[in-house]
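**Q** One structure, pasted below without further comment.
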DNA sequence: CGGGTTCGTTGATTCAGATCAAAGGTCTGC
DNA sequence: GCAGACCTTTGATCTGAATCAACGAACCCG
């Protein structure tokens, strides 16, 4: 791992307050692995062996049931995933696969649990991280139950807007699954948002009228405040 | 509080490993309150002041946005709610109101945080509780994204089945909101399940053919294993 | 460079669920 | 015991989303 990457991980809320020797142990017991795009990192229903930290690239969290499949989230550097399964020592509830060439730091579940026991500050950080992830998921559920497709897209755009536009970092089909709709319907949702000054140019999206878009999206800190 | 109720709370996974003096302090700093049915205990967007423990009765967790409203869960004795907001000291993401006459133990957020700091076993239990609640919500989200209305109802019935039947503990309109559909559609979903041996008699539901119902519901431990 | 595959979009159709409306039932409070 | 309110169910209709199908564009690979 490059030094600046180690620094980034060290600075994460999850590890920031961990004592130096404990953090070193975590890193020593972990593996930094490279993966090609599209590789399945985790199968649903497998026992939870590792906490994963995305160092480079992007990971998609997916779940499927009875022939249907959906995307639950994306993880980019320096995000972590499947902390909860590691803590409860249960099976994973969601699968994971790379969307790009990626490097992942994999920390054995036992190491995480050992360090929690040894380092109260780390335990606190884990708890905090879990609480935030939990709140994020509640928001996701609210979005799914209280909004229609176009509204979910509009809010996703507003949340990812940078300097008047958004660069969609994944294939549109993947974004559609993330937002809980079909690719066809994502296209139509974009068309609907055209009336609010949304212009699509391949992966680039221009928001010409943020006010109009917000009027349709009705963003709320109780649904849209955290990341994904 | 009656002694047997105090015992029930003491035996909860959340408090079981808490040292005696710390547990006593928690109880001393808490208030046991009685509430009539239909009373709003918590407004969304309020700062998180108290961890709530339902001692008697039933509580509905609700959320609303842009004129729409939905139910996120029910809490019965001796369940707790809004632990995450208490930990992160943020606003509540969901409202709460009583469905019946209820008694609630309200523990100040500061007391919870103090005890976590003082008692490692309690901290561990809090973390575990959070991880379970988080996994529950993931399952809920999966159910919402991967199943249709009749399937969600079928799985709810299977999960609550006792001796060949289910006694619906709330108004059907409330159950409908819990399952993410309108009351009208809940009626129709019950009608659909009639073909699988489901018979409705007011609040009582008889499952005459569990096999047929399971065939339609396709229950999975990755979606249906925990409570709510 | 050319051929094939995948992806994104668009149109037509179907389906699930929401909405609107009305009737019957239950519970409540006076 | 009765009147009124609310809940539940059923029917009719409408809307949003999924599906099916087709086409063009982009991309990859030989």
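Chains as they are written, first to last, in the working numbering: chain A, 1 to 228; chain B, 1001 to 1228. Idealized CB from N, CA, C, for every residue including glycine. Nothing here was measured: the structure is a model prediction, and the numbers come from that model.
Got a sec, what are the start and stop residues for the alpha helix (DSSP H) residue 1190(B) sits in?
**A** Along the second chain, read from residue 1 onward, the residue named residue 1190(B) stands at position 190. From DSSP, the alpha helix (DSSP H) with residue 1190(B) extends over 1183-1193.
**Q** Return no unless some Cβ of chain B is closer than 8 Å to the Cβ of residue 10(A).
**A** To locate residue 10(A), count along the first chain from 1; it is residue 10. Not an interface residue.
**Q** Find the residues of chain B that neighbour residue 142(A), judging by a C-beta separation of less than 9 Å, and give them in chain order.
**A** Working through the first chain from its first residue, we reach residue 142(A) at position 142. Within chain B, the residues near residue 142(A) are 1063, 1065, 1070, 1072, 1093, 1094.
**Q** For the beta strand (DSSP E) that contains residue 108(A), what are its first and last residues?
**A** If you number the first chain from 1, residue 108(A) lands on position 108. Its beta strand (DSSP E) spans residues 102-108.
**Q** Could you tell me whether the Cβ of residue 137(A) comes closer than 8 Å to any Cβ of chain B?
**A** Start at 1 with the first residue of the first chain, and residue 137(A) comes out as number 137. So yes, residue 137(A) belongs to the interface.
**Q** If you draw a straight line from the C-alpha of residue 1165(B) to the C-alpha of residue 1198(B), how long is it?
**A** By 1-based counting over the second chain, the position of residue 1165(B) is 165. By 1-based counting over the second chain, the position of residue 1198(B) is 198. Taking the straight line joining both Cα atoms gives about 9 Å.
**Q** State the Cα-Cα distance for the pair residue 1094(B) and residue 1211(B), rounded to the nearest angstrom.
**A** Walking along the second chain from the start, residue 1094(B) turns up at place 94. Walking along the second chain from the start, residue 1211(B) turns up at place 211. Each residue's alpha carbon lies about 36 Å from the other.
**Q** Compare the C-beta of residue 1227(B) with all C-beta atoms of chain A and state if any pair is closer than 8 Å.
**A** One-based indexing of the second chain puts residue 1227(B) at position 227. Caution applies to residue 1227(B), whose pLDDT of 45 falls short of 50 and renders its modelled position unreliable; the value that the coordinates give is listed next. No, residue 1227(B) lies away from the interface with chain A (no Cβ there is under 8 Å from its Cβ).
**Q** Check whether chain B comes within 8 Å of residue 126(A), counting only Cβ atoms and requiring the distance to be less than that.
**A** For the purposes of this step, residue 126(A) is taken as the residue at position 126 of the first chain. Output row for residue 126(A): interface = yes.
**Q** Compute the distance between the beta-carbons of residue 224(A) and residue 139(A), then report whether it is under 8 Å.
**A** As a position in the first chain, residue 224(A) is number 224, starting the count at 1. As a position in the first chain, residue 139(A) is number 139, starting the count at 1. It is a contact, given that the beta carbons lie within the stated cut-off.
**Q** What do you reckon, are the CB atoms on residue 107(A) and residue 30(A) nearer than 8 Å?
**A** Taking the first chain and counting its residues from 1, one reaches residue 107(A) at position 107. Taking the first chain and counting its residues from 1, one reaches residue 30(A) at position 30. Yes.
**Q** Helix, strand or coil for residue 1073(B)? Go by DSSP, reduced to three states.
**A** One-based indexing of the second chain puts residue 1073(B) at position 73. If DSSP states are grouped into helix, strand and coil, residue 1073(B) belongs with the strands.
**Q** Let me check one thing: in DSSP terms, what residues is residue 1025(B) bridge-paired to?
**A** The count along the second chain starts at 1 and reaches residue 1025(B) at position 25. Per DSSP, none; premise fails for residue 1025(B).
**Q** Do the CB positions of residue 1157(B) and residue 1099(B) come within less than 8 Å of each other?
**A** In the second chain, counting from the first residue as 1, residue 1157(B) sits at position 157. In the second chain, counting from the first residue as 1, residue 1099(B) sits at position 99. Going by C-beta atoms, residue 1157(B) is not nearer than 8 Å to residue 1099(B).
**Q** For residue 13(A), does the three-state DSSP call read helix, strand or coil?
**A** Start at 1 with the first residue of the first chain, and residue 13(A) comes out as number 13. Here residue 13(A) sits in coil by DSSP.
**Q** List the residues of chain A whose Cβ lies closer than 7 Å to the Cβ of residue 1120(B), in chain order.
**A** One-based indexing of the second chain puts residue 1120(B) at position 120. Going along chain A in sequence order, the residues near residue 1120(B) (Cβ under 7 Å) are 120.
**Q** Among 110(A), 34(A), 2(A), 85(A), whose alpha-carbon lies nearest the alpha-carbon of residue 1131(B)?
**A** Residue 1131(B) sits at position 131 when you count from the first residue of the second chain. Out of 110(A), 34(A), 2(A), 85(A), 85(A) has the C-alpha closest to the C-alpha of residue 1131(B).
**Q** Which bits of chain A does residue 1044(B) rub up against, with CB to CB less than 8 Å?
**A** Here residue 1044(B) is taken as the residue at index 44 of the second chain, counted from 1. Here the neighbours are 222.
**Q** Which chain A residues are close to residue 1088(B), counting only those with a beta carbon under 9 Å from its beta carbon?
**A** To locate residue 1088(B), count along the second chain from 1; it is residue 88. Ordered by position in chain A, the residues that pass the 9 Å Cβ test against residue 1088(B) are 128, 131, 132, 135.
**Q** With a threshold of 8 Å between beta carbons, is residue 1218(B) in contact with chain A?
**A** For the purposes of this step, residue 1218(B) is taken as residue 218 along the second chain, with counting starting at 1. Cβ-Cβ to chain A under 8 Å: yes for residue 1218(B).
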